[in-house]
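In order, the protein sequence lines correspond to chains A and B.
My numbering applies: residue 1 is where the first sequence begins, and numbers increase by one.
My numbering applies: residue 217 is where the second sequence begins, and numbers increase by one.
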Amino acid sequence: MKKFDGLNYYEILKIPTNSLSFEIKRAYRDALSIYDDDSPVTYSLFSNEERDNILKTIKEAFLTLIDEHKRAAYDTILTDSGQVDLSITSMINQKKPVPFYTGNMTNIDNFAERVRKKPREKEVEKLLNETLSKDSISGDALRKLREAFEVEISEINAITRISVSVIKSMEENRIENLPPDLYLKNFLKLYAETLQIDPQRIIDGYLKNISLAQKE
Amino acid sequence: MSQIYPIGGGKGGVGKSFITASLGALLAKWGKKVVLIDLDLGGSNLHTLLGINDQQGGINRFLDKTVNNLENTAVSTNIQNLFFISSSLCSMEVANLTHAHKLKIINAIRKLSFDYILLDLGTGTNFNTLDFFLTSKQGIFICTPEPTAIENSFRFIKVVYLRKLKQIVKQHSFISAVKKATVSPNNIAIKSPDIIEIVLKYDPDSESFLRNRLSEFKFKFILNQFRKNLDATIGYKIEDLCNRHFYSNFQFLGNVGYDVRIHDSVLSKKIFVHRYPYTPPAIDMEKIAEKIINNRPSVSLSGEIS
Numbered sequence: 001m002k003k004f005d006g007l008n009y010y011e012i013l014k015i016p017t018n019s020l021s022f023e024i025k026r027a028y029r030d031a032l033s034i035y036d037d038d039s040p041v042t043y044s045l046f047s048n049e050e051r052d053n054i055l056k057t058i059k060e061a062f063l064t065l066i067d068e069h070k071r072a073a074y075d076t077i078l079t080d081s082g083q084v085d086l087s088i089t090s091m092i093n094q095k096k097p098v099p100f101y102t103g104n105m106t107n108i109d110n111f112a113e114r115v116r117k118k119p120r121e122k123e124v125e126k127l128l129n130e131t132l133s134k135d136s137i138s139g140d141a142l143r144k145l146r147e148a149f150e151v152e153i154s155e156i157n158a159i160t161r162i163s164v165s166v167i168k169s170m171e172e173n174r175i176e177n178l179p180p181d182l183y184l185k186n187f188l189k190l191y192a193e194t195l196q197i198d199p200q201r202i203i204d205g206y207l208k209n210i211s212l213a214q215k216e
Numbered sequence: 217m218s219q220i221y222p223i224g225g226g227k228g229g230v231g232k233s234f235i236t237a238s239l240g241a242l243l244a245k246w247g248k249k250v251v252l253i254d255l256d257l258g259g260s261n262l263h264t265l266l267g268i269n270d271q272q273g274g275i276n277r278f279l280d281k282t283v284n285n286l287e288n289t290a291v292s293t294n295i296q297n298l299f300f301i302s303s304s305l306c307s308m309e310v311a312n313l314t315h316a317h318k319l320k321i322i323n324a325i326r327k328l329s330f331d332y333i334l335l336d337l338g339t340g341t342n343f344n345t346l347d348f349f350l351t352s353k354q355g356i357f358i359c360t361p362e363p364t365a366i367e368n369s370f371r372f373i374k375v376v377y378l379r380k381l382k383q384i385v386k387q388h389s390f391i392s393a394v395k396k397a398t399v400s401p402n403n404i405a406i407k408s409p410d411i412i413e414i415v416l417k418y419d420p421d422s423e424s425f426l427r428n429r430l431s432e433f434k435f436k437f438i439l440n441q442f443r444k445n446l447d448a449t450i451g452y453k454i455e456d457l458c459n460r461h462f463y464s465n466f467q468f469l470g471n472v473g474y475d476v477r478i479h480d481s482v483l484s485k486k487i488f489v490h491r492y493p494y495t496p497p498a499i500d501m502e503k504i505a506e507k508i509i510n511n512r513p514s515v516s517l518s519g520e521i522s
């Protein structure tokens, strides 16, 4: 069984050396879909130890390439060792990807941890309980919650892939811009899950708030 | 020169015989002279799929020397250009073929003169099946997109590898430590297919030789009984994965759709692609046949025999 011996991070993720960050993310997702332990393709091919090592390498490759600074340092090593000619890369790298999408994906592991610890802070806990105890939850309340958790819109976007404009519409109660209920409910659920609060409470509260606003 | 395509794959019921019959019929339709050989010894039923009531036998007459040339045991089918060698009348104990008989069959197959020779192999990973599969460097695995079948296919690939590696190690000069590690049955190496690593460790000079030998293999595979709601790229994922983690070349030939009418055609003992030529599975297989015809094998088949 061949492993990733002798392959550089670009080869491991099977992307060209001038890949943009969204391509790196996509390649990472594709790699996970193949090597994850519930993947029907590989679950029987590798031992747990082999799989762990492979996943560890893939993650390392991703975390290096997705971080601009680490990637630059890594590229330098590759170029110096003569493995690849990155002279073209540096030029193309100047073409920056859309800023929102880069998000803070590198901190994704810490992110969940960070959010989980938040309600331990007195003020955050108070705000959370206040909001959830209310019958209707406004977009403004959502925004305040999010800010109390110190989460950026771009982070919610990066994790849930809800577009920034929709998140803003939700938070600003712009009912006319909101997606149909079916989608809205799912978006609210993802939003709530990102902040690790009860999705059902948020969905019910928010929809209630909309129907109240529409009656007026 | 004849092109030999052994058709195998670890799991039973995935459609090896069905695909063999269908591909054979399609290749014959393209004007190629094709012979199908039922090498599922002790479990033959390719003749039934072809609608042949086998009364005279095939391989049995070759083994008991009633017929000297295997080619003379080939019978014509109701499809032009398509011939068939049966094993349904072999002895009840033929599944446990002797080594000499096995070599006799393999050598005779290599001498047959047809455009395409398709070998329908049995389930499992016994030595006979593996050696028949290694008759050529372009074996085809049949698999279904289910974890059980994929698991068995991987096992089959690994065991084929191990068998081949043992042959290579036996026949060429490797340092004795390698021979011991690969050939002795009580070694852990038998469980792990990773003999390249062992060779690397004990005999680094032979590594590139071994790699070259293994890279001569151009395995192919087909995903059969493919249902619509599945990820259609799964075959390419497996291809990619095998090319990355094994030392040979793997080619995904395509998915063959699931169709209830396949069952009907088996019941009526008619070849599916003839009875239902415009159904999705028939069209899928037509594409596969086309790929096989367009494959230009660069490897010579006159390799060593176990």
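C-beta atoms are modelled at their ideal positions from N, C-alpha and C, and glycine is treated no differently.
In this text, all values refer to a predicted model and were calculated from it rather than measured experimentally.
Check: DSSP state of Ile438/B mapped onto helix, strand, coil; Outcome: strand
Check: Proximal residues, the stretch 24–53 of chain A versus chain B, C-beta separation under 9 Å; Outcome: Asp30, Ser33, Ile34, Tyr35, Ser39, Pro40, Val41, Thr42, Tyr43, Ser44, Leu45 and Phe46
Check: Beta-carbon neighbours of Leu457/B, restricted to chain A and to distances below 8 Å; Outcome: Ile34, Val41, Thr42 and Leu45
Check: Cutoff 8 Å; reference Gly470/B; Cβ partners in own chain excluding five residues on either side; Outcome: Ile438, Leu439, Gly451, Asp500, Lys503, Ile504 and Lys507
Check: Helix, strand or coil at Ile12/A according to DSSP, with G and I counted as helix; Outcome: helix
Check: Residue nearest to Val489/B in terms of C-alpha spacing, selected from Tyr418/B, Leu279/B and Ile295/B; Outcome: Ile295/B
Check: CB contact check: Lys117/A to chain B, cutoff 9 Å; Outcome: no
Check: Presumed contact (8 Å Cβ cut-off) between Phe435/B and Phe466/B, rounded CB distance; Outcome: 5 Å
Check: Under 8 Å from the C-beta of Lys59/A: neighbouring residues of chain B; Outcome: Chain B residues near Lys59/A: none, gap ~17 Å exceeds 8 Å.
Check: According to DSSP, residues forming a beta bridge with Ile220/B; Outcome: Ile333/B
Check: Beta-carbon spacing of Asn285/B, Ala316/B below 9 Å; Outcome: no
Check: Contacting positions in the stretch 445–479 of chain B - beta carbon closer than 8 Å to chain A; Outcome: Ile450, Lys453, Ile454, Asp456, Leu457, Arg460, His461, Phe462 and Tyr463
Check: Neighbourhood of Ile253/B by C-beta distance below 6 Å, restricted to the same chain and skipping five residues each side; Outcome: Ile301 and Leu335
Check: 9 Å Cβ cutoff, Phe370/B in contact with chain A; Outcome: yes
Check: Chain A within 9 Å of Ile366/B, Cβ atoms only; Outcome: yes
Check: Whole-angstrom C-beta distance between Phe357/B and Gly274/B, which should lie under 8 Å; Outcome: That belief does not hold up - the Cβ atoms of Gly274/B and Phe357/B are roughly 25 Å apart, past 8 Å.
Check: Ile523/B (DSSP reduced to helix, strand or coil); Outcome: Past the boundaries of the shown model lies residue 523/B; chain B is included only from 217 to 522, so the question cannot be answered.
Check: Ile202/A: first and last residue of the uninterrupted alpha helix (DSSP H) it sits in; Outcome: Pro199 to Lys215
Check: Residues sharing a beta bridge with Cys359/B, DSSP; Outcome: Leu439/B
Check: Leu530/B classed as buried or exposed, judged by whether at least 16 other C-beta atoms fall within 10 angstroms; Outcome: Because residue 530/B is not part of the residues shown, which for chain B are 217 to 522, the question remains open.
Check: Entirely enclosed alpha helix (DSSP H) segments - the stretch 103–186 of chain A, minimum 4 residues; Outcome: 108–117, 122–133, 139–148, 153–160 and 164–171
Check: Simplified DSSP assignment, three categories, for Ala405/B; Outcome: Below a pLDDT of 50, predicted positions are generally treated as unreliable, and Ala405/B, at 45, falls in that range; no measurement from the model is reported.
Check: Contacts around Lys249/B, its chain only, beta-carbon distance under 7 Å, and the 5 residues preceding and following it disregarded; Outcome: Asn297, Phe330 and Asp331
Check: For Ile295/B, three-class secondary structure by DSSP; Outcome: coil
Check: is_contact[Pro361/B, chain C] using C-beta, thresh 9 Å; Outcome: The chain inventory of the structure shown lacks chain C, comprising the protein chains A and B.
Check: Contact set for Ile24/A: own chain, Cβ-Cβ below 6 Å, skip 5 residues either direction; Outcome: Leu65 and Ile66
Check: Straight-line Cα distance separating Asp30/A from Ile167/A; Outcome: 27 Å
Check: Selected residue, minimal CA-CA separation from Ile509/B, among Gly240/B, Ser233/B and Ile322/B; Outcome: Gly240/B
Check: Val230/B beta carbon less than 9 Å from that of Ala365/B; Outcome: yes
Check: Status (buried if at least 16 other CB within 10 Å, exposed otherwise) for Pro222/B; Outcome: buried
Check: Stretch-stretch touch, CB-based, cutoff 8 Å, three pairs: the stretch 303–312 of chain B with the stretch 190–204 of chain A; Outcome: no
Check: Neighbourhood of Lys214/B by C-beta distance below 8 Å, restricted to the same chain and skipping five residues each side; Outcome: Lying before the first or after the last residue shown, residue 214/B is absent from chain B, which here runs from 217 to 522.
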